[in-house]
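Inspection log for the structure reproduced underneath, given as structure tokens.
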Amino acid sequence: MDSALATTDPADLHAGQEHGHVSLPQHRHHFETVEQQREAGSFGMWLFLLTEIMFFGGMFLAYLLYRNWYYPAFVVASNQLSVRIGTINTMVLITSGFCMAVGVWAAEMRRRSLLVAMLVTTTLLGVLFLSLKYGEYHEKYELHHIPGNNFNISMFTNPAGYGIKEAPLPPDMAQKTQVFFFLYFAMTGMHALHMIIGLGILCWLISRARRGDFSAGYVAPVENFALYWHFIDVVWLFLYPLLYLINRHPMH
Amino acid sequence: MSTAIGNTIVSLPDQSTARLPKRHYINNEYGLLSWLLTEDHKRIALLYLFSVTFFFFIGGAFAGLIRLELLTPQPDLVAADTYNKFFTMHGLIMIFLFLVPSIPGVLGNFLIPLMIGAKDLAFPKLNLLSWYVYMAGGTLTLAALVLGGVDTGWTFTTPLSTHYLNTHVITAAMAIFITGFSSILTGINFIVTIHRMRCPGMTWFRMPLFLWSHYAASLLMVLGTPVLATTLVLVALERLFGIGIFDPAKGGDPLLFQHLFWFYSHPAVYIMILPGMGVVSEVISTFSRKRIFGYTAVAFSSVAIALFGFFVWEHHMFIMGVSSYSALVFSLLTMLVAVPSAIKIFNWAFTLQKGSITFETPMLYCFGFMGLFTIGGLTGVFLGSLGMDIHLTETYFVVAHFHFVMVGGGLMAFLAGIHFWWPKMTGRMYPETISKLAAVTTFIGFNLTFLPQFVLGYLGLPRRYAAYPPEFQVLNVLSTAGATVLGFGYMLPLLYLAWSLKYGAIAGSNPWQATGLEWQIASPPPTENFTEIPIMDHEVYDYEWLANKTKKEVTTVG
């Protein structure tokens, strides 16, 4: 081997001494320094979130298109969603995101019990969100507002019959409420699926945090998971106005 | 074997004294599990090599059946619906299971850490996972085939795929959905590795162009593939539950499917070709013994292709009722994407100029690439012109065009790369004469297969039909004859490369006298790649540095 190629970089040695982490169990052999490993991990996570944005992007495009085409149907169907539950859920999710952020701080400060408490709170709030969401889904099921062969448009063609103060839609436009509900279920369903996966990872993090894995200076998993969890929050922050609030300022 | 042109001296090292290193990544561990559970990027690359080769020959078998059926004007070998299944399987396997993962999965995995002076990719476990995900997708594709096939064409066009077919559309769609995740994982891994794992001194503009093109392709994988995933999920939901998103009867829009599908599938063409362009840059520089002409331009043209590649998708939809203004814009953008591709071709040509060129097999494949890709690219400009496209779309002209780009381009580059790095991967040389024969056979067979299809398409023969008017038979027979020659051309490397594993000459660490870091270590490389992390203290493609280094080695060893 060439001698010029086979010299160790003094900067790396220096970094190793400075942090004193070179022999930590989480340090994987192919990284020169722990710092490099941590940077690579979080960079990878950001890229993954980029793919997630593109994944949701297709459905946001569909929403944009159909909202322009079938605005009346989207307004009426959107009014069937409970703004109250939606708002509560938004609060719940933001709070859980806050707890997660505190959790990352706790891990960095090496406070084990605070970290565990925050992870547990985050999990509980996530479960609360999903329960409220389940309630909403169940209501739509009873009203036959789930797209497919059992979809029922009578509430939109004859709102007075259901005691709803809405102008009745012509049947062909009422049919388009199905497109809204499909997008509603696809987008919130995909969001919920991400949350369920997140809750699974949270349980794993809690069990490791209780062992003290993350309170000795190694916080990368907590940090990267927090990025994921905040991403889910942000997706919801777009879904909430688009699905629940599109008619808060009526044009007429 | 030495020639002197100008002041560049070409002297390939004497291989008779070369020895295999005692310990390298292949003999470091033994047993099936040491391969199936490996986190070594080099071993994962070999896993990919075996699996993409397997799928290539399955896809190739379908190509053979298609050409055999088209030998006669009547659908007499198979019925029309079986023929539909044949070309669907051919497309699905060749695109998603061969072309997309071939160069990144095999050569990218093997070489990226070696070229940037790292011990492994940033996420070795993710890398192994991507292979398993790929195999799961591949198995499911084969399941769709065995269960009775799918006949949508590889494009899953709605409403055909959602309303009118009773074949295994959902199985196939899920298979491609899963395979997509393999591609995403590979892309993330490459981007992070290139950003964070470069050795000291390896600045962005000292990176070999292979890395630039993989970086650009990875961007496309990361940004494009999730959109395909969404689209396929929507197709499956539409088919299962009739949700109506692509169904005009329920207010949906089939064109939305086209937009979403081609938003991935056009960039996918660049996912297939960009890594190939990286291979060509390395090979041409090495066998011209010259720095790549216009290194910076070639590097940025990869990024430009990735960028423009995202804004041309509508040219697949010119006849589908899109507005003529947007068609105009997309036609213009399509012309623009030809510019960075042309930059590459011209720069390779100028690299050859006054170079000390030798004609080893990888170089022959690269010449094949340059010729065929140029034809494929120029006919792409025909198709991007609005008026011509109306006449030519959905004909054999399109078929010939994308085969020139993806097979003449992507596959030629893959074979060039496999031959070029074969000594590095296995430690042994391939046999030179027969491999040159294979390269020439492939080139001739390819042209004989697909040049007649340009004529067929121009005369108006539509694609995807099992039968055709008798007056087209002569050209179809020519094409089938070419496919036979091409088949031989592809079988040959399989045979002699397998042969060379045991009987090939020992290669030595740098048989081509190439400058990349991967050539400065033993072949096959040790599991850790570099005993100590290298320092990149010279410019990339610096042949004088290499000559000085070799001189020094001789004095110290001799």
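Quick mapping for you: the protein sequence lines, in order, are chains A and B. Counting from 1 along the first sequence, just add 1396 to a position and that's the residue number in this note's numbering. Counting from 1 along the second sequence, just add 39 to a position and that's the residue number in this note's numbering. Cβ atoms here follow ideal geometry from the backbone N, Cα and C, with glycine treated the same way.
Counting only Cβ-Cβ distances below 7 Å, M1450/A has contacts in chain B at L262, P265 and V266, in chain order. Below the 8 Å Cβ cutoff, chain B contributes no neighbours of T1553/A, its closest Cβ being approximately 15 Å away. Counting only the Cα atoms, M174/B lies some 10 Å from L86/B. Between the region 1541-1555 of chain A and the region 1603-1612 of chain A, the count of Cβ pairs shorter than 8 Å is below three; the stretches do not touch. Contact of F1634/A with chain B by beta-carbon distance below 9 Å is absent, the smallest such distance being about 15 Å. Interface with chain A (8 Å Cβ-Cβ cutoff): V351/B is excluded. Interface annotation, L1477/A: not in contact with chain B, CB-CB separation never under 8 Å.
Taking a 10 Å sphere around the C-beta of H1534/A, we find fewer than 16 other C-beta atoms and assign the residue as exposed. For the region 63-82 of chain B, the beta-carbon criterion of a distance under 8 Å to any beta-carbon of chain A is satisfied by none of its residues. Using a Cβ-Cβ distance cut-off of 8 Å, the region 1606-1620 of chain A and the region 1501-1517 of chain A are in contact, since at least three pairs of beta carbons, one from each stretch, lie closer than that value. Listed in chain order, the beta strand (DSSP E) runs fully inside the region 399-469 of chain B amount to none, counting runs of at least 3 residues. With respect to chain B, the C-beta atom of E1504/A has no partner C-beta closer than 8 Å. A direct Cα-to-Cα measurement between F493/B and F443/B gives close to 10 Å. Shown here for Y1462/A: same chain residues with a beta carbon closer than 8 Å to its own, the five before and five after excluded, namely F1470, K1572, V1575, F1576 and L1579 in chain order. Contact of A477/B with chain A is not assigned, every C-beta pair being separated by 8 Å or more. Taking a C-beta distance under 8 Å as the contact criterion, P501/B and S518/B do not qualify as a contact pair.
For the region 1562-1581 of chain A, the set of positions with a beta-carbon nearer than 7 Å to some beta-carbon of chain B reads Q1571, K1572, Q1574, V1575 and F1578 in chain order. Between L153/B and P564/B, the gap from beta carbon to beta carbon is short of 8 Å.
Close partners of P509/B in chain A (Cβ separation under 9 Å) are lacking, with about 45 Å as the shortest Cβ gap. Under the 10 Å beta carbon count, T570/B is surrounded by fewer than 16 other beta carbons and is classified as exposed.
Under the DSSP assignment, R1434/A falls in the alpha helix (DSSP H) whose first and last residues are V1430 to W1465. In the same chain as F101/B, and ignoring 5 residues on each side of it, the C-beta atoms closer than 6 Å to its own belong to F125, M128 and H129, in chain order. Counting C-beta pairs with one atom in each stretch, the region 316-336 of chain B and the region 1611-1618 of chain A have fewer than three that are closer than 8 Å, which means they do not touch. At a cut-off of 8 Å between beta-carbon atoms, A388/B makes no contact with chain A.
Using a 10 angstroms sphere on the CB of I227/B, the tally of other CB atoms reaches 16 or more, which defines it as buried. Residues of chain A whose Cβ lies closer than 9 Å to the Cβ of L299/B are, in chain order, G1454, L1457 and A1458. In the DSSP assignment, M260/B falls within the unbroken alpha helix (DSSP H) covering L248 to F280. Inter-residue distance for P143/B and T225/B is about 8 Å (C-alpha atoms, whole angstroms).
Following the DSSP letters along the chain, one finds H80/B inside the alpha helix (DSSP H) bounded by residues H80 to E108.
For D120/B, the enclosing alpha helix (DSSP H) has its first and last residue at A119 to L131. Less than 8 Å separates the beta-carbon of H253/B from that of G147/B. Inter-residue distance for S55/B and F149/B is about 26 Å (C-alpha atoms, whole angstroms).
From the listed residues W1501/A, L1489/A, D1568/A and V1500/A, the smallest Cα separation to D1629/A is found for L1489/A.
One thing to note: L59/B has its Cβ no nearer than 8 Å to the Cβ of I457/B. Here Y309/B is not near A343/B, since their CB atoms are 8 Å or more apart. Across the structure, Y580/B and S395/B are spaced so that their CA atoms are roughly 14 Å apart.
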